[in-house]
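Protein chains in written order, with this note's numbering: chain A, 9 to 362; chain B, 9 to 362; chain C, 9 to 362. Glycine included, every Cβ here is placed at the ideal spot set by N, Cα and C.
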Amino acid sequence: MDPSQEQPTGRRSVAHVRDAWYVLAQSPELTDKPLARKLFGVPLVLFRDPSGAAGCVLDRCPHRMVPLSLGRVVQGQLECGYHGWQFDTAGTCRTVPGLCSGEEAKSRNVASYATREQDGFVWVWGTADQEPTDEPYRLPATDRPGYAVVRRVVDFPGSLVMTLENALDVPHTAFLHRGLFRGGREPVEIKAILTRTRHMVQAEFVGEPRPEGIAAKILSPSGGVLTHFDRFKLPSVAEVEYKLGEDSHIVTTSLCTPVEDFLTRVYAVISLKSPVPSWLVAPFIEPFAFKIFDQDAWILREQSEAIEHWGGERYQNTEIDLMGAQIWRMLRRAEGGKLDEDDEDWSREIRLRV
Amino acid sequence: MDPSQEQPTGRRSVAHVRDAWYVLAQSPELTDKPLARKLFGVPLVLFRDPSGAAGCVLDRCPHRMVPLSLGRVVQGQLECGYHGWQFDTAGTCRTVPGLCSGEEAKSRNVASYATREQDGFVWVWGTADQEPTDEPYRLPATDRPGYAVVRRVVDFPGSLVMTLENALDVPHTAFLHRGLFRGGREPVEIKAILTRTRHMVQAEFVGEPRPEGIAAKILSPSGGVLTHFDRFKLPSVAEVEYKLGEDSHIVTTSLCTPVEDFLTRVYAVISLKSPVPSWLVAPFIEPFAFKIFDQDAWILREQSEAIEHWGGERYQNTEIDLMGAQIWRMLRRAEGGKLDEDDEDWSREIRLRV
Amino acid sequence: MDPSQEQPTGRRSVAHVRDAWYVLAQSPELTDKPLARKLFGVPLVLFRDPSGAAGCVLDRCPHRMVPLSLGRVVQGQLECGYHGWQFDTAGTCRTVPGLCSGEEAKSRNVASYATREQDGFVWVWGTADQEPTDEPYRLPATDRPGYAVVRRVVDFPGSLVMTLENALDVPHTAFLHRGLFRGGREPVEIKAILTRTRHMVQAEFVGEPRPEGIAAKILSPSGGVLTHFDRFKLPSVAEVEYKLGEDSHIVTTSLCTPVEDFLTRVYAVISLKSPVPSWLVAPFIEPFAFKIFDQDAWILREQSEAIEHWGGERYQNTEIDLMGAQIWRMLRRAEGGKLDEDDEDWSREIRLRV
């Protein structure tokens, strides 16, 4: 059969892990107005109650279905813009203007979502009307002395799996980011140690050459070994950590929110320590990081469009696709509620050229 | 189950009452050119026959399916722009250019629709090749002395039911139209008398406070009681009637045409009598009415998008949703041809705050 | 039943004849970069191997599905822009950067398509990984002395069948192209001889009046008879040939490529001999031809939109629709592999007015 006519038989990289926390906003974005957001394609609306605490309800008035985010916040109640029905952060309908009979009715309530505000982010629990079973992920190194912190929000037109894989994949950097990131010298063979626990997979790269040139000398004048870890933490966190000698340390944490099946919003936090004053380094990191984000967003869009065109995914993995397969498997298990049945923790070594 | 994952179990506010008249154009719009229109999503084309009478046929040439509205009108015949086939207002194919064998063929005819021109509108019967069973609705007060008449055409991105409900709903005015219409004072409790016959439902509002301020004094210097009726007449007419004392009288008639399932074109006619000369009042009504139309169109678009997003409708009515439920039920019965089986006429009272 | 509610019961003018050659590019378009194309909606990518020969593979990297056309050509190998996998024109994956284990794997290869470069066009066989059973169509009269040749590429928003029929249909010219082409005088009755062989259908028009006015005198000062042939050659070639006396000869060949089901790219070649020097005539042909192409593209777009709206096709043919029915039948038989079971060659006469 003509291969172009085959149906994809592979996976579809969309996983909905709903009993988990996701970042829906940065704290300063949530003011005295309703803030419309989406999670797994479901429209939600954030607002602050009379005490200033963040709340989140389904963005759909039970009366005529219009988005509640089109209305306003009146004394900590969310008011629909069409007929003025009012709701509190628990989703209870408190007022139906014009109605004389006073009793409340459960059918007029709207679904609500548990909410936490932490590390400058508003986190929302992915299942409505449910008590969270844990607490949100804590950012590393956001307030350690000597560290500069840069935050950015970037939308990637790919599924959560695709975006996490892209954030943690080493081999693409020499090609997609040619000239910016790796690719400037002959590849050398190194070792990667892949470690898998129930909620995390980590790749440690041993023997990776330290960057050449002036940049490296500035960042680590005393020389020293390059240490590099990539980590995925269920269901939405990607960490990339570099150490160069004792002087330089950089952790990029990507908090990934599945806005739609093929749209992932990444709240990126870059924590940086270097012998050069961080206020001096930070301005140079940003344009570099943005260029890389742009290239990643571009290829993810192309990949998503191809998946839509072909009606599904059909991938050929090799052994150097270290993280992607693990990310997909862990998310699938988490989605199916099968994390407890998972195998023992394990670790293995792979050789690759970088 | 997470409410955001539930499927809508409610109705879908789309009703196709086809054995009825609908306005498809204002008379002056139909000149010596074909005029493309849609009804229930079906493309139709209007044109005038040699005597100037309006005709309407399906906008699809039987030959190669191209819209006949792309062609021209030649001596009262509608000519296709692709191969020149010609049709009369009865839909009969009169000419196939190039063809030597002269006989006509029924398969070359196009469906035609009964047409009436009345009150400055071109009305079309909603079923092709069918004799109408009644005559179009007659506009009230279009030529009574002392009345000013303003006409406007507005497209609302909502279903026929949604648009009619919006036109006849009182409670939304204080919120969607805050500052323009109601909402400026403390609500008072009043009585509404809802009367239902086979083809009409009417709400009469008793005890509604008269508007305050200078406007009211100008409109009714002698004071007097405010009378307010809202009426729906099957399948497409909404009337809102206000009287203020003996001096002022305003009737807004909305002739609603279901262009597509979620696009309704409203031919609005405002008839106004007031102690102030009507030529003086009319210019002030228009910007006010347009602002209200804009706000209604905006919320209907949001409601339609929500319905599309959620795949259907899921409404929570309260007893002050006087008209919407009746409009939907009457249209559903009319669509199913079950009007004759309808119950007795009835009337009931509801209390609400306005 | 209301005719506007009927479902189309007719054919759908989409035929996929895959074991055939199609033009995918003009030779000069294919340089040292990958060139993205589509055939039957399937994304393909053309590139040149180290010897400069044209190759064509499926435009989908087996690794992560991104289009290979986003990458680059490195020493005659096509390199993916995401992870740098490299492929030759046979579709074999030659390199996976970063991978230490050296063996190749068939699953990493990409489907490839036979390719020919001829008459200034790159032809591609419509089925992947298949040996062609014949050679591409040869253009007539591209290099005969005294002939001017004009080439143009035009996209028509119609199916292959619709576009071929339009190119070879006589009756529409007096209406769609009114004022440009026919239609300026009273129609006369002439004879058409329709001849059908297995791979071709030809209409010869006998008695067609020669054009009037100065144009005709310039083109054929010696007078003489007008000869006119229209030909369809399976699966994608339309030829229109005119001779006026001994002096003037014009052949318009349309090589039609089904890019998508309702998008056909036409590589048009006009070969012209006339008593007026061809360098003088050619500049006058172009704007005239382009205007005609524009009108044809416009009506095909309208026809395609109608087909989409109605969900299929519903045509009424008359006996003067000489070519369309034959084109459709031949393509359907070719698509079904039933050409060999076809009837005897035949010929018949039809009378029509032009």
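Whether residue i touches residue j by CB criterion (8 Å)
i               : j               : result
I335 of chain B : E173 of chain B : yes
L76 of chain A  : F95 of chain A  : yes
F240 of chain B : V209 of chain B : yes
A122 of chain A : P144 of chain A : no
D27 of chain A  : T103 of chain A : no
G99 of chain A  : A119 of chain A : yes
L168 of chain A : A23 of chain A  : yes
G89 of chain A  : L339 of chain B : no
V25 of chain C  : A342 of chain C : yes
L234 of chain B : R218 of chain B : yes
E268 of chain B : R20 of chain B  : no
Distance, residue j Cα to residue i Cα
i               : j               : result
G92 of chain A  : S282 of chain B : 33 Å
V362 of chain C : L176 of chain C : 14 Å
D304 of chain A : T171 of chain B : 45 Å
E197 of chain B : T260 of chain B : 25 Å
D238 of chain A : H180 of chain A : 14 Å
L252 of chain A : M73 of chain C  : 35 Å
Q138 of chain B : L66 of chain B  : 13 Å
V284 of chain A : A156 of chain A : 11 Å
A33 of chain B  : T265 of chain B : 10 Å
C84 of chain B  : G60 of chain B  : Looking at the sequence shown, residue 84 of chain B is not Cys but Gly. Answer to the nearest angstrom: the Cα atoms are 8 Å apart.
T160 of chain B : V289 of chain B : First, the amino acid is wrong: residue 160 of chain B is Arg here, not Thr. Each residue's alpha carbon lies about 16 Å from the other.
R1 of chain C   : G79 of chain B  : The structure shown does not extend to residue 1 of chain C, since chain C is modelled only from 9 to 362, so the question has no answer here.
S109 of chain B : Q324 of chain C : 15 Å
D351 of chain A : S244 of chain A : 21 Å
L165 of chain B : I307 of chain B : This sequence places Pro at residue 165 of chain B; Leu is not what is there. Near 9 Å, if we compare the C-alpha coordinates of I307 of chain B and P165 of chain B.
S312 of chain C : D302 of chain C : 15 Å
D127 of chain C : L147 of chain C : 7 Å
Chain B contact for residue i (CB, 8 Å cutoff)
i               : result
Y30 of chain A  : no
E194 of chain C : no
R116 of chain A : yes
M208 of chain A : no
P105 of chain A : yes
E212 of chain C : no
P219 of chain C : no
Short CB-CB distance (under 8 Å) between residue i and chain C
i               : result
W318 of chain A : yes
G345 of chain B : no
Q368 of chain A : Residue 368 of chain A is absent from the structure shown; chain A starts at 9 and stops at 362.
C108 of chain B : yes
G89 of chain B  : yes
V22 of chain A  : no
Q311 of chain A : yes
Residues near residue i by beta carbon distance below 8 Å, same chain, minus five either side
i               : result
M9 of chain C   : Residue placement at M9 of chain C cannot be trusted, given a pLDDT of 48 that sits under 50; what the coordinates show is reported in the next sentence. Nothing meets the Cβ criterion.
C101 of chain B : P70, W93, Q94, F95, E112, A113, R116, N117 and V118
E367 of chain A : Shown here, chain A extends from 9 to 362; a query on residue 367 of chain A therefore has no answer.
7 Å Cβ shell around residue i - same chain, five flanking residues per side excluded
i               : result
E37 of chain A  : L43
F213 of chain C : I198, A200 and H236
L271 of chain C : D163 and P165
CB contact check: residue i to chain A, cutoff 8 Å
i               : result
G92 of chain C  : yes
V132 of chain B : no
V362 of chain B : yes
H180 of chain B : yes
Proximal residues to residue i (C-beta, below 6 Å), its chain only, five neighbours per side dropped
i               : result
L202 of chain A : A211, L330 and R356
D57 of chain A  : G63, G84 and T97
### Task
Scan the region 67–83 of chain A for residues whose Cβ lies nearer than 7 Å to a Cβ of chain B and list them as they occur along the chain.
R68, P70, H71, R72, M73, V74, P75 and L78
#### Entry: Proximal residues, the region 325–341 of chain A versus chain C, C-beta separation under 9 Å
N325, T326, E327, I328, D329 and G332
### Task
Mind checking the region 254–266 of chain B against chain A and listing, in chain order, the residues whose C-beta falls within less than 7 Å of any C-beta there?
none
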